[in-house]
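This report concerns only the one structure given below.
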Amino acid sequence: MNRILTGQDMKKIDRNTIDYYGIPSLVLMERAALGVANEVMIREFINKEKVLIVCGTGNNGGDGLAVGRILLSNNVDVKMVIVGDYNQFSVETKKQYEILVKLNGPIVFYQEESFYHLVNEADVIVDAIFGVGLSRDIKGIYKEVIQTINGSKKYVIAIDIPSGIDANSGKVLGISIKANQTIALSAYKLGQVLFPGHEYCNEIKVIDIGIPLEAYKKIDKNIFTMSKLTQDMLPTRKPRSNKGSYGKVLVMAGSKNMSGAAYLSGLAAYRTGVGLVHIVTPEDNRIILQSQLPEAIITTYEFNNGCIEQNHMEKIKQAINNVDVIVIGPGLSTEIDAKTLLIETIKHGKVPLIIDADGLNIIAKNKDILKNHQQPIIVTPHPGEMSRLMNEPVQIILDQLIEKAMNMSEQHNVITVLKDSNTVITSPTRDIYINLSGNNGMATAGAGDVLSGVIGGLVAQGIETFKAAYTGVLIHGLAGDKAKESKGYYGMIARDIIQNIPEVMK
Ligand SMILES: NC(=O)C1=CN([C@@H]2O[C@H](COP(=O)(O)OP(=O)(O)OC[C@H]3O[C@@H](n4cnc5c(N)ncnc54)[C@H](O)[C@@H]3O)[C@@H](O)[C@H]2O)[C@@H](O)CC1
Ligand SMILES: Nc1ncnc2c1ncn2[C@@H]1O[C@H](COP(=O)(O)OP(=O)(O)O)[C@@H](O)[C@H]1O
Ligand SMILES: [K+]
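The sequence shown begins at 3 in this note's numbering and counts up by one.
Structure representation (structure tokens):
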């Protein structure tokens, strides 16, 4: 598990480490600088490269100066520029400066003309202008400096966070460094995982700087991510078992002449390891689904004037109570029969329910449907569906993913999987997961249907709902990343994601 902190939380933890635990600020800075210097020194041709470190006057700049000192001791060709005045230095940064002066370090204060030249001759630029202390829009010389660095197209390594990104929100405060690599100190910052900040960071690596684990316990919001799938996140497979041991998923999906969503969701559930998939869909889809997915049990229904035929409804009610989880909504339509199906399922079903796609569009028009539900529910909206659910413009949802997902979870007592490039998952108990796997090749029709099946598959195998939601999203993204290796961003389709689930879960 990797923690994600707001900039404010990080500062609180730093302070607590220094004031309460007594680890001196300069020790943390040295650890940070050593970590960053190591990243610079593992570059393949570093012995032939020129490094330019651009420093501000706060502690991020102090990190930069300390990195410069360490690189000097390792015979790296390095120069440092300070943007700002001597009298603006923080205590620690002034110390770093004074050490470098005694060492006759190659360090200058910013001047427009010479800076341009220094940037031009550099191969690598280390961005140490602002870290989590950035508090207002960037203007004046700082803006010029960032423009020059970005315009140079040189390889940029940002210390902690690219200068210009608000560590709390990911917003660009006026202008920002575009980094090729970001070395996050101690933990991910929210601004590195939310957009647009995430794009400015590029590759992110978190390094330990010696903050004791105890110091993190003071933080009340639990935000985290997972970078790898580990065995303990997966359902256990027993040597002596049968298909009954791995759960049953009921997929209520598809509408007249729309069978694809049911197929994708059902197949994804099977690929996640579930013992049995049962599909409930209109009669028109029977033949095609039976040939596409012969492993599934199919129950079909017919309806007249929106009413599902009585004997078919009885069969469906039986199915509802004979499974471990129900996925409802992919390709379902928002017709009256689909609405009836959803209402009856929430009313009669006791097992966890995953509501996706049209299931959510039905709820958007009839919010009462979610009232008084008894079973655990996971909703999986994309920003468009979320906008309809919350009656707010899509842009507001995109700008406030965490807040909106939390509102949904708290108002309706559900787990919310708000799908985006970096999907946010929230629970009514205020746990927050932000996913970092996946890629833009997954912006393809049916990718969401696959996700509903993966999460369903995990719940059916006994994984607790919040854990199943974030593990499912992680697996889905990792499978998309594997699919990208063979198909690329352009050619990937939803089935390629499914095909790679087994490889990811091996
Ligand atoms: N002891 C600590 O607290 C540690 C801090 N560390 C580093 O220190 C960073 C945070 O340091 P600081 O809190 O000093 O803050 P920063 O170094 O991020 O920058 C804040 C400084 O910039 C000024 N500033 C803010 N916005 C500005 C703007 N738009 N235009 C011009 N000036 C602006 C502030 O007034 C302040 O002087 C971290 O990101 C990390 O790199 C690490 O060295 C680890 C230990
Ligand atoms: N750029 C991206 N990076 C990572 N994941 C993405 C990206 N674009 C889409 N996805 C993922 O693909 C899925 C798309 O789901 P959705 O929009 O519901 O598709 P559909 O309705 O066509 O099935 C979501 O899980 C989303 O997180
Ligand atoms: K920085």
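All residues carry an ideal CB built from backbone N, CA and C; glycine is no exception. On a predicted model such as this, the values are computed, not experimentally measured, just so you know.
Leaving out the 5 sequence neighbours to the left and right, which residues in its chain are closer than 6 Å to residue i when beta-carbon positions are compared?
i	result
Phe132	Gly58, Asn62 and Ser165
Val416	Ile379 and Val381
Ile225	Ile6 and Ile434
Phe305	Asp339
Gln294	Tyr265
Asp11	Ile221
Gly298	It should be pointed out that residue 298 corresponds to Ala in this sequence rather than to Gly. For Ala298, where only same-chain residues beyond five positions count, the Cβ hits under 6 Å are Gly268, Val279 and Ile281.
Val426	Leu403, Ile404, Ala407, Leu420 and Ile436
Under the DSSP definition of a beta bridge, which residues are partnered with residue i?
i	result
Ser257	Met260
Glu205	Gln183
Met82	Ile55 and Ile109
Phe226	Arg5 and Tyr435
Ile357	Ile330 and Val381
Tyr190	Ile6
Thr418	Val381 and Thr428
Pro284	Tyr303
Leu278	Lys250
Tyr157	Val126
Val174	Ile167
Can you list, in chain order, the residues of its chain with a C-beta nearer than 7 Å to that of residue i? Leave out the 5 residues immediately preceding and following it.
i	result
Thr473	Met235, Leu460 and Ile465
Leu438	Val195, Thr227, Ser229 and Asn424
Glu123	Lys52
Tyr18	What sits at residue 18 in the sequence shown is Asn, not Tyr. Counting only Cβ-Cβ distances below 7 Å, and skipping sequence neighbours, we find Ala217 and Lys220.
Ser389	Pro395, Val396 and Ile399
Glu46	none
Lys2	What is shown of the chain runs 3 to 508, which leaves residue 2 out entirely.
Asn1	Outside the displayed span of the chain (3 to 508) sits residue 1, for which this structure offers no information.
Measure the alpha-carbon distance for residue i versus residue j and round it to whole angstroms.
i	j	result
Gln377	Thr467	11 Å
Asp498	Leu453	13 Å
Gly127	Ile300	Per the sequence shown, the amino acid found at residue 127 is Ile instead of Gly. Using only the alpha carbons, I get a separation of about 60 Å.
Gly262	Tyr23	58 Å
Gly176	Ser188	26 Å
Leu80	Ile72	A small fix is needed here, since residue 80 is Val in this sequence, not Leu. The straight-line gap from Cα to Cα measures roughly 10 Å.
Lys207	Lys191	11 Å
Asn313	Ile345	17 Å
Ile434	Asp129	30 Å
Ile364	Leu372	11 Å
Asp168	Asp162	12 Å
Gln463	Ser247	8 Å
Ile179	Ile84	16 Å
Ser257	Pro332	9 Å
Lys97	Pro26	13 Å
Tyr272	Ile503	10 Å
Val134	Ile500	39 Å
Glu337	Pro296	27 Å
Val1	His119	No information on residue 1 is available, as it lies outside the stretch 3 to 508 that the chain covers here.
Ile101	Gly70	11 Å
Pro214	Lys367	49 Å
Tyr202	Ser137	18 Å
Val158	Ile185	11 Å
Ala449	Asn89	55 Å
Val456	Ile209	32 Å
Met260	Ile356	20 Å
Lys223	Ala470	20 Å
Phe91	Tyr492	49 Å
Val38	Ile143	25 Å
Asn244	Gly277	8 Å
Ala181	Ala445	25 Å
Val93	Arg432	38 Å
Lys240	Gly458	20 Å
Asn409	Met315	34 Å
Asn204	Phe117	25 Å
In chain order, what residues of the same chain lie with their CB nearer than 8 Å to the CB of residue i, ignoring the 5 residues before and after it?
i	result
Ser423	Phe197, His200, Gly440 and Asn442
Leu231	Thr473, Leu476, Ile477, Leu480, Val506 and Met507
His350	Lys319, Ile322 and Asn323
Lys352	Asn323, Gln376 and Gln377
Ile310	Tyr303, Glu304, Ile318, Asp339, Thr342 and Leu343
Ile151	Val56, Val121, Ile127, Asp129, Val158 and Ile179
Ile20	Pro26, Ser27 and Leu30
Pro484	Per the sequence shown, residue 484 should be read as Lys rather than Pro. Here the set comprises Asn502, Glu505 and Val506.
Would residue i count as contacting chain B if we go by Cβ distances under 8 Å?
i	result
Asp401	Going by chain labels, chain B is absent from the structure shown, which holds only one protein chain.
- Message: Extract the residue ranges of the beta strand (DSSP E) inside the stretch 293–344, only unbroken runs of 3 or more that lie entirely within it.
- Response: 299–303 and 327–330
- Task: Mind the definition here: the stretch 316–326 touches the stretch 250–264 only if three or more C-beta pairs lie below 8 Å; say whether that holds.
- Result: yes
- Query: Can you list, in chain order, the stretches of the alpha helix (DSSP H) that have 4 or more residues and sit fully within the stretch 432–472?
  - Reply: 449–462
- Message: To test your reading of the DSSP string, which unbroken alpha helix (DSSP H) runs of 4 or more residues are found completely within the stretch 20–48?
- Response: 27–43
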